[in-house]
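Asks: Using UniProt numbering, the first residue of the sequence shown is number 1, and each one after it goes up by one. The beta carbon of each residue, even a glycine, is placed where N, CA and C say it ideally should be. This structure is in structure tokens; I'll ask about it shortly.
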Amino acid sequence: MILWIAELLRGLNFFGLSYLEWVGLLVTLIALGYYLPLYLYDVYIVLIAPALKRGLNLRKMGKWAVVTGATDGIGKAYAEEIARLGINIVLISRSQQKLATVSNEIENTFGVITRTIAVDFTEGVTVYDKIERELQGLEIGILVNNVGIWYPYVDYFTDLPYARKHSQDMIYCNVIPVTFLTHLVLPQMVGRRRGVIINVGGLTGAIPVPFISMYSATKVFVERFSESLAMEYKRQGITIQVVLPGYVATKMARVSKPSVMTPSPTLYVQKALKTVGIEDRTAVYIPHRLALKGFEWGYLFFKTITGGIMYERYSTMREISKRRREAKFRRITIQEEQPLTEL
Ligand SMILES: NC(=O)c1ccc[n+]([C@@H]2O[C@H](COP(=O)([O-])OP(=O)(O)OC[C@H]3O[C@@H](n4cnc5c(N)ncnc54)[C@H](OP(=O)(O)O)[C@@H]3O)[C@@H](O)[C@H]2O)c1
Numbered sequence: 001m002i003l004w005i006a007e008l009l010r011g012l013n014f015f016g017l018s019y020l021e022w023v024g025l026l027v028t029l030i031a032l033g034y035y036l037p038l039y040l041y042d043v044y045i046v047l048i049a050p051a052l053k054r055g056l057n058l059r060k061m062g063k064w065a066v067v068t069g070a071t072d073g074i075g076k077a078y079a080e081e082i083a084r085l086g087i088n089i090v091l092i093s094r095s096q097q098k099l100a101t102v103s104n105e106i107e108n109t110f111g112v113i114t115r116t117i118a119v120d121f122t123e124g125v126t127v128y129d130k131i132e133r134e135l136q137g138l139e140i141g142i143l144v145n146n147v148g149i150w151y152p153y154v155d156y157f158t159d160l161p162y163a164r165k166h167s168q169d170m171i172y173c174n175v176i177p178v179t180f181l182t183h184l185v186l187p188q189m190v191g192r193r194r195g196v197i198i199n200v201g202g203l204t205g206a207i208p209v210p211f212i213s214m215y216s217a218t219k220v221f222v223e224r225f226s227e228s229l230a231m232e233y234k235r236q237g238i239t240i241q242v243v244l245p246g247y248v249a250t251k252m253a254r255v256s257k258p259s260v261m262t263p264s265p266t267l268y269v270q271k272a273l274k275t276v277g278i279e280d281r282t283a284v285y286i287p288h289r290l291a292l293k294g295f296e297w298g299y300l301f302f303k304t305i306t307g308g309i310m311y312e313r314y315s316t317m318r319e320i321s322k323r324r325r326e327a328k329f330r331r332i333t334i335q336e337e338q339p340l341t342e343l
């Protein structure tokens, strides 16, 4: 029947093209008309606009920048790259010793002034009084909400050690600082009608990810909060950006050597800063951008398959970390038993 209809339609001719050829042509034109401008816009955003320095001039935002989780990884790279622009930095992190080291490095290398605030965000909402006191009187043009924690290892939610405490810590580190510090600095930015807030989310917030459900959920919060706030404050001159990194070679990712898929924090942040003012939501680095598109399209069109792939991937990760833990435990037990066997 279908073949018969197709044969019949093929027989119909308009302006030298068969009916089916017209349908094919129309579909192609619609697809091109819809997707081509999107692709061209992507090319402009990803390659041309940063090369033409269409991003914001961060130097004009204010004298100071505040960076959380500034003693390592992505946060340290943000602190360094912003200091390179001649902007003074407030470094916020856990260990005063590490803060002092990074602060000296930055002052000596970039000739800017730094201040340090040692707080442990897992202590909860009490730490913000101290931060507020320390930030008093500073003209803050940039806030980088970077601090975030991961897992001791990947496992079923209920099998994680101290799962409730760890979930609480994750909310205190990955969610509350973004909210409270934004609330702290936004009024003065709005008053000056300029300012930039950069929130570090993650690719794992783009779609649901089993075995790291709390982390994935905190990153969804960061993303949705940032995008909503960006719309809310755009007309008041404030730029709010959420960056969604994939793997970056840091302690958290347990990767020491950068590779094509896993850039160094410095490379990642250098690229990220060029996108401020151009993109409000970005994965920054081309391999991570492709991964983000893959995740989103996969989840939109093939939800079950994509969910299955994520399950397999993270379940394998869980197996590997379990084997490593068991091997480590065996090594420790053997070492402890050594004196007995020598007897
Ligand atoms: N690396 C990746 O592959 C990746 C991928 C996607 C998203 N991200 C996100 O990027 C952000 C930075 O990650 P990263 O890989 O750069 O992490 P990192 O190398 O582990 O550095 C974390 C920073 O946060 C500080 N910090 C940790 N716990 C803290 C606490 N309780 N209170 C105060 N400061 C604390 C650390 O200070 P101490 O040195 O004193 O511990 C350090 O300065 C996070 O939000 C993470 O979720 C990372």
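(1) Check whether the Cβ of Lys165 sits closer than 8 Å to any heavy atom of ligand 1, and report yes or no.
(2) Out of curiosity, what's the CA-to-CA distance linking Pro37 and Phe295?
(3) Is it a yes or a no for the region 87-97 touching the region 163-175, going by three-plus beta-carbon pairs under 8 Å?
(4) Between the Cα of Val248 and those of Asp72, Thr179, Val222, spot the shortest distance and give me the residue it belongs to.
(5) Can you grab the Cα-Cα spacing for the pair Gly55 / Ser167, in whole Å?
(6) Please name the residue, chosen from Pro245, Gly24, Asp120, that lies closest to Pro287 on a Cα-to-Cα basis.
(7) How about the region 136-151 and the region 194-210: do they share at least three Cβ pairs that are nearer than 8 Å?
(8) Give, in chain order, every unbroken run of the beta strand (DSSP E) that is at least 3 residues long and sits entirely within the region 132-215.
(9) Tell me which residue opens and which closes the alpha helix (DSSP H) that Ala272 is part of.
(10) Go through the region 18-61 residue by residue and report every complete run of the alpha helix (DSSP H) that reaches 4 residues or more, in order.
(11) Tell me the rounded alpha-carbon separation between Gln136 and Lys328.
(12) Examine ligand 1 and report whether any of its heavy atoms sits within less than 8 Å of the Cβ of Asn146.
(13) Using a Cβ-Cβ cutoff of less than 6 Å, which residues in the same chain neighbour Ser226 once the five nearest sequence positions on both sides are dropped?
(14) Are the CB atoms of Tyr215 and Tyr156 within a distance shorter than 9 Å?
(15) Val276 to Met61, Cα distance in whole Å?
(16) Roughly how many angstroms separate the alpha carbons of Arg324 and Val255, rounded to a whole number?
(17) Does the distance from the CB of Thr116 to the CB of Leu99 come in under 9 Å?
(18) Excluding the 5 residues flanking Leu343 on each side, which residues of the same chain have their C-beta closer than 8 Å to its C-beta?
(19) Roughly how many angstroms lie between the CA atoms of Gly195 and Tyr285, to the nearest whole one?
(20) Could you round the C-beta distance between Ala79 and Ser95 to whole angstroms and report it? I think they count as a contact, below 8 Å.
(21) Would you decide whether Thr28 is buried or exposed? Buried here means 16 or more other CB atoms lie within 10 Å of its CB.
Replies: The short version:
(1) No, ligand 1 has no heavy atom inside 8 Å of this Cβ.
(2) So the alpha carbons of these two residues sit roughly 22 Å apart.
(3) Cβ pair count under 8 Å is below three, so no.
(4) Just measuring C-alpha positions, the residue of Asp72, Thr179, Val222 sitting nearest Val248 is Asp72.
(5) A direct Cα-to-Cα measurement between Gly55 and Ser167 gives close to 37 Å.
(6) Pro287 has its Cα closest to that of Pro245, out of Pro245, Gly24, Asp120.
(7) Yes, they touch.
(8) Correct list: 140-145, 195-200.
(9) Taken as a continuous stretch (DSSP letters only), the alpha helix (DSSP H) holding Ala272 covers 265-274.
(10) Within the region 18-61, the complete alpha helix (DSSP H) runs of at least 4 residues are 19-43.
(11) The straight-line gap from Cα to Cα measures roughly 48 Å.
(12) Between ligand 1 and Asn146, a heavy atom-to-CB distance of less than 8 Å is present.
(13) Apart from sequence neighbours up to five positions away, the residues of its chain that approach Ser226 with a beta-carbon distance below 6 Å are Asn199, Ile240, Val242, ordered along the chain.
(14) Not a contact, by the Cβ cut-off of 9 Å.
(15) The straight-line gap from Cα to Cα measures roughly 12 Å.
(16) Per the coordinates, the alpha-carbon of Arg324 lies some 16 Å from the alpha-carbon of Val255.
(17) Taking 9 Å as the Cβ cut-off, Thr116 and Leu99 qualify as a contacting pair.
(18) Here the model assigns Leu343 a pLDDT of 42, short of 50, so the residue's position is not dependable, and the following value carries that caveat. Answer for Leu343: no residue qualifies.
(19) Tyr285 has its alpha-carbon roughly 24 Å from the corresponding atom of Gly195.
(20) For a cut-off of 8 Å, the C-beta gap from Ala79 to Ser95 is around 15 Å, too long to register as a contact.
(21) Taking all protein chains shown into account, Thr28 has fewer than 16 neighbouring C-beta atoms within 10 Å of its C-beta and is therefore exposed.
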